[in-house]
Amino acid sequence: MKTPPFHITRAQVAARASRVRLVLVDNDGTLTDGQCYYTARGEEMKVYSLRDGIGVQLLREAGVETAIVSREASEIAARRAETLKLPYTFLGVENKLEHLAQIEATTGFKRDVMAYMGDDVGDLEIMRALSAVSLVGTPADGHGLLRDHAHFISDKPGGHGAFRAFAEWLLAWRA
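Residue numbers (the numbering used here): 8 to 182.
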């Protein structure tokens, strides 16, 4: 797990963590292991970690909400968001950075109170933007380009508790 000091000081990490009110998280490869499974009838399936659901709950108990931001307009992701009782879900988002203004308008939160966790190059631009004002993380198996910008690199791969590890890290810095 990568921890400070790196791009910013420990004091900056603590200050940014204390401001976080919304954690945006990519779905495929972050909340899931990035693989698609198909039944004999051709139905798509994805696997989610219950540990990551606990991460959502821990954040909520601390007054921090979670939202899924995914390029895919997946019924599976929508169902997971519903199960987790997420107040916001942004699906079918082709360019996450360009959609950030819409996320701000919908949620009422500015980017300096949004953290982000993603795993692949589709997350790079939003991670670059948010890393300048907030905190960003990636799973252990996140793409190398994201690792260069992440404040947190989980010791868990996507779909296996990486999001919970990020949530616990954020909350530890708020203490």
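For glycine and all other residues, C-beta sits at the position ideal for the given N, C-alpha and C.
If you check the CB distance, Arg28 and Phe116 come in under 8 Å.
When the beta-carbon positions are compared, Leu93 and Asp130 stay at least 8 Å from each other. Boundaries of the alpha helix (DSSP H) harbouring Leu177: 169-181, taken from the DSSP string. With at least 16 other beta carbons inside 10 angstroms of its own, Asn34 counts as buried. Less than 8 Å separates the beta-carbon of Thr145 from that of Met124. Inter-segment contact for the region 155-165 and the region 66-81 is absent: fewer than three beta-carbon pairs are separated by less than 8 Å. Per DSSP, Ile110 is one residue of the alpha helix (DSSP H) stretching across 103-114. In the structure shown, the three-state DSSP call for Val20 is helix. Here Arg171 is buried. Its C-beta has 16 or more other C-beta atoms within 10 Å. The Cβ atoms of Gly165 and Gly62 lie no closer than 8 Å to each other.
No residue range can be given for Leu93, since it is assigned to no beta strand (DSSP E) and is classified by DSSP as neither H nor E. DSSP, read as helix, strand or coil, puts Ile15 in coil. In the DSSP annotation of this structure, the continuous segment of the beta strand (DSSP E) that includes Leu29 starts and ends at 29-32.
Asp119 counts as exposed, since fewer than 16 other C-beta atoms from the protein chains shown sit within 10 angstroms of its C-beta.
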